[in-house]
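*Asks:*
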Amino acid sequence: MNNFKANYNKILEVLKSITEKEQFLKQKRKPRLKDIELIAMNLTAEYMSIDSECQLFKEISIDLKNKIERSVYNRRKRKLFFAIAFIRNELSNKFNEFENYFVVDSMPLEVVKLARSSSSKICKEEFYSSPNRGFCASQNMHYYGYKIHAVSSIEGVFKSFDISKASVHDIHYLKDIKNQFNECVILGDKRYLSADYQLDLFESKQIKLEVPMRKNQQNYKKQTFIFRKKRKRIETLFSQLFDQFMIRRNYAKSFQGFKTRILSKLTSLTIIQFINKFVFDRNINNIKISII
Numbered sequence: 001m002n003n004f005k006a007n008y009n010k011i012l013e014v015l016k017s018i019t020e021k022e023q024f025l026k027q028k029r030k031p032r033l034k035d036i037e038l039i040a041m042n043l044t045a046e047y048m049s050i051d052s053e054c055q056l057f058k059e060i061s062i063d064l065k066n067k068i069e070r071s072v073y074n075r076r077k078r079k080l081f082f083a084i085a086f087i088r089n090e091l092s093n094k095f096n097e098f099e100n101y102f103v104v105d106s107m108p109l110e111v112v113k114l115a116r117s118s119s120s121k122i123c124k125e126e127f128y129s130s131p132n133r134g135f136c137a138s139q140n141m142h143y144y145g146y147k148i149h150a151v152s153s154i155e156g157v158f159k160s161f162d163i164s165k166a167s168v169h170d171i172h173y174l175k176d177i178k179n180q181f182n183e184c185v186i187l188g189d190k191r192y193l194s195a196d197y198q199l200d201l202f203e204s205k206q207i208k209l210e211v212p213m214r215k216n217q218q219n220y221k222k223q224t225f226i227f228r229k230k231r232k233r234i235e236t237l238f239s240q241l242f243d244q245f246m247i248r249r250n251y252a253k254s255f256q257g258f259k260t261r262i263l264s265k266l267t268s269l270t271i272i273q274f275i276n277k278f279v280f281d282r283n284i285n286n287i288k289i290s291i292i
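Next up, the structure:
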């Protein structure tokens, strides 16, 4: 797991099996480091928990270092957001093509501490994408930043995700789910409890939203054990993103950089799951494991 070059070669090999395209950006000069190689370099860094570009350029081999400068790497990585998103979708579809059961949940993403929120300029280029204050009930804390909403399969592969301001309630993400899913069962926690939303999802897209009832509700019935157990899969995924991929640590200054950073971490997680299943035929969620 400590050999950057070997891990990079394995991830690059998988990327080339997903897409034949090597250049995604239209550039007048042909770069020495191809776009597909830059993406592989980015995903390898996330897999190996290299969270700083300064550290990354100390780890990479001389031949890679000679192909690109650090500042150019940063700019091109942000421009390749759409390409990384395409690769993540292709990888996810390999797992979720015939999946009918999914889990929805959210996680807080702190940008700066609350005490610095009024003076901070991070991600404030546009009002619509600027962070704000929110509350995380599961951790009983107020924070300043964003919230990631995600849907994963029962097996543990992210199918869809989005980033919103911290103050946005989880239930509003169900509007996005309505446009992305149909004829399936989605498991959620009590934050997604709404009879109106459940009825609308079922009538419009035949999506059955399974949410545990509150004890003070009429005709209270405890949720099936298998649903309660499977719903915890996404909480484990969030823990892995927090631990190995350090998703709550932010070095980005712009929203474009921030969302590229989050996407890279989710894509890196998915490509390791892909290698586990389709290359080594082992448990896909053994993330802290050698891929070479």
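Heads up, the sequence shown is in UniProt numbering, so the first residue is 1 and it goes up one at a time. All C-beta atoms, glycine included, are put in the ideal place defined by N, C-alpha and C. These figures come from a predicted structure and were not determined experimentally.
(1) Could you tell me if Cys123 is buried or exposed, where buried requires 16 or more neighbouring beta carbons within 10 angstroms of its beta carbon?
(2) Applying the criterion that 16 or more other CB atoms from any shown protein chain within 10 Å of the CB defines a buried residue, is Asp189 buried or exposed?
(3) Verify whether the separation of the beta carbon atoms of Lys147 and Gly156 is less than 8 Å.
(4) Should Ala115 and Gly145 be called a contact, given that it needs their Cβ atoms to be closer than 8 Å?
(5) To the nearest angstrom, how far is the alpha carbon of Leu269 from that of Tyr47?
(6) Check whether the Cβ atoms of Leu80 and Phe24 sit closer than 8 Å, and answer yes or no.
(7) Based on the DSSP secondary-structure assignment, which residues constitute the bridge partners of Asp105?
(8) Considering just the uninterrupted stretch of the alpha helix (DSSP H) at Asp162, what are its terminal residues?
(9) By how many angstroms is the C-alpha of Asp35 removed from the C-alpha of Phe202?
(10) Rounded to a whole number of angstroms, what is the C-alpha to C-alpha distance between Phe225 and His169?
(11) When the Cα atoms are used, what is the spatial distance from Arg233 to Ser61?
(12) Taking the beta carbon of Ala150 as the centre, do at least 16 other beta carbons fall within 10 Å, making it buried, or is it exposed?
(13) Could you please give the first and the last residue of the uninterrupted beta strand (DSSP E) stretch that includes Gly134?
(14) Could you check where the beta strand (DSSP E) with Lys30 kicks off and where it finishes?
(15) By the DSSP assignment, the alpha helix (DSSP H) with Glu203 in it spans what residues?
(16) Report the option in Glu210, Tyr197, His172 whose CA atom is closest to the CA atom of Leu187.
(17) Look at Ile271 and Val14 and say whether their C-beta atoms are less than 8 Å apart.
(18) So the beta strand (DSSP E) Leu187 belongs to, where does it begin and stop?
(19) Could you pull out every residue in the same chain whose Cβ sits closer than 7 Å to the Cβ of residue 296, ignoring the five residues on either side in sequence?
(20) Can you determine whether any heavy atom of the ligand PLP sits closer than 7 Å to the C-beta of Glu59, and answer yes or no?
(21) In angstroms, rounded to a whole number, what distance separates the CA positions of Leu33 and Leu43?
(22) Please confirm whether Ser254 and Glu53 have their CB atoms less than 8 Å apart.
(23) Would you say Thr260 and Arg78 are within 8 Å of each other, going by their C-beta atoms?
(24) In terms of DSSP beta bridges, what is His142 paired with?
(25) By the DSSP assignment, the alpha helix (DSSP H) with residue 302 in it spans what residues?
(26) State the DSSP-derived secondary structure class of Lys208, mapped to helix, strand or coil.
(27) Looking only at its chain, what residues have a beta carbon closer than 6 Å to the beta carbon of Leu193, apart from the 5 residues adjacent to it on each side?
*Replies:* With the structure as the only source:
(1) Position 123 of the sequence shown, counted from the first residue, corresponds to residue 123. The Cβ neighbour count for Cys123, taken over all protein chains shown within 10 Å, is at least 16; the residue is labelled buried.
(2) Counting from 1 along the sequence shown, the entry for residue 189 is found at position 189. With 16 or more neighbouring CB atoms inside 10 Å of its own CB, Asp189 falls in the buried class.
(3) As a working note, residue 147 is residue 147 in the sequence shown. As a working note, residue 156 is residue 156 in the sequence shown. No.
(4) Walking along the sequence shown from the start, residue 115 turns up at place 115. Walking along the sequence shown from the start, residue 145 turns up at place 145. No; because the gap between Cβ atoms is not below 8 Å, this pair is not in contact.
(5) Reading the sequence shown from its first residue, position 269 is the one you call residue 269. Reading the sequence shown from its first residue, position 47 is the one you call residue 47. Each residue's Cα considered, the two are about 7 Å apart.
(6) Walking along the sequence shown from the start, residue 80 turns up at place 80. Walking along the sequence shown from the start, residue 24 turns up at place 24. Judged by their CB atoms, Leu80 and Phe24 are nearer to each other than the 8 Å cut-off.
(7) Within the sequence shown, numbered from 1, the residue matching residue 105 stands at position 105. Asp105 is bridged by DSSP to Ala150.
(8) For the purposes of this step, residue 162 is identified with residue 162 of the sequence shown, where counting begins at 1. Segment 158-165 is the beta strand (DSSP E) holding Asp162; no alpha helix (DSSP H) there.
(9) Counting from one through the sequence shown, the residue named residue 202 turns up at place 202. Counting from one through the sequence shown, the residue named residue 35 turns up at place 35. Those two C-alpha atoms are separated by around 42 Å.
(10) Along the sequence shown, read from residue 1 onward, the residue named residue 225 stands at position 225. Along the sequence shown, read from residue 1 onward, the residue named residue 169 stands at position 169. Using only the alpha carbons, I get a separation of about 26 Å.
(11) Residue numbering aside, residue 233 sits at position 233 when the sequence shown is read from its first letter. Residue numbering aside, residue 61 sits at position 61 when the sequence shown is read from its first letter. Between the alpha carbons of Arg233 and Ser61 lies a gap of roughly 37 Å.
(12) Locating residue 150 in the sequence shown gives position 150, where the first residue counts as 1. Buried, by the Cβ-count rule.
(13) The sequence position of residue 134 within the sequence shown is 134, counting from 1. Segment 132-136, the beta strand (DSSP E) holding Gly134.
(14) Taking the sequence shown and counting its residues from 1, one reaches residue 30 at position 30. DSSP places Lys30 outside any beta strand (DSSP E), giving it a letter other than H or E.
(15) For this step, residue 203 is matched to residue 203 along the sequence shown. Following the DSSP letters along the chain, one finds Glu203 inside the alpha helix (DSSP H) bounded by residues 195-205.
(16) Working through the sequence shown from its first residue, we reach residue 187 at position 187. Among Glu210, Tyr197, His172, the Cα nearest to that of Leu187 is on Glu210.
(17) Residue numbering aside, residue 271 sits at position 271 when the sequence shown is read from its first letter. Residue numbering aside, residue 14 sits at position 14 when the sequence shown is read from its first letter. Taking 8 Å as the Cβ cut-off, Ile271 and Val14 qualify as a contacting pair.
(18) In the sequence shown, residue 187 corresponds to position 187, counting from 1. According to the DSSP assignment, Leu187 belongs to the beta strand (DSSP E) that extends over 184-187.
(19) Residue 296 is absent from the model: the chain starts at 1 and stops at 292.
(20) Here there are no bound small molecules, and the ligand PLP is not part of this structure.
(21) Locating residue 33 in the sequence shown gives position 33, where the first residue counts as 1. Locating residue 43 in the sequence shown gives position 43, where the first residue counts as 1. Their Cα atoms are separated by approximately 15 Å.
(22) Start at 1 with the first residue of the sequence shown, and residue 254 comes out as number 254. Start at 1 with the first residue of the sequence shown, and residue 53 comes out as number 53. Glu53 is positioned such that its CB atom lies no closer than 8 Å to that of Ser254.
(23) Counting from one through the sequence shown, the residue named residue 260 turns up at place 260. Counting from one through the sequence shown, the residue named residue 78 turns up at place 78. In contact: Thr260 and Arg78 (Cβ atoms closer than 8 Å).
(24) In the sequence shown, residue 142 corresponds to position 142, counting from 1. Per DSSP, Phe135.
(25) No answer is possible for residue 302: it lies beyond the span of the chain, which begins at 1 and ends at 292.
(26) Here residue 208 corresponds to residue number 208 of the sequence shown, with the count starting at 1. Look at Lys208 here: in three-state DSSP terms it is strand.
(27) Walking along the sequence shown from the start, residue 193 turns up at place 193. Excluding the 5 residues flanking it on each side, Leu193 has same chain C-beta neighbours closer than 6 Å at Val211, in chain order.
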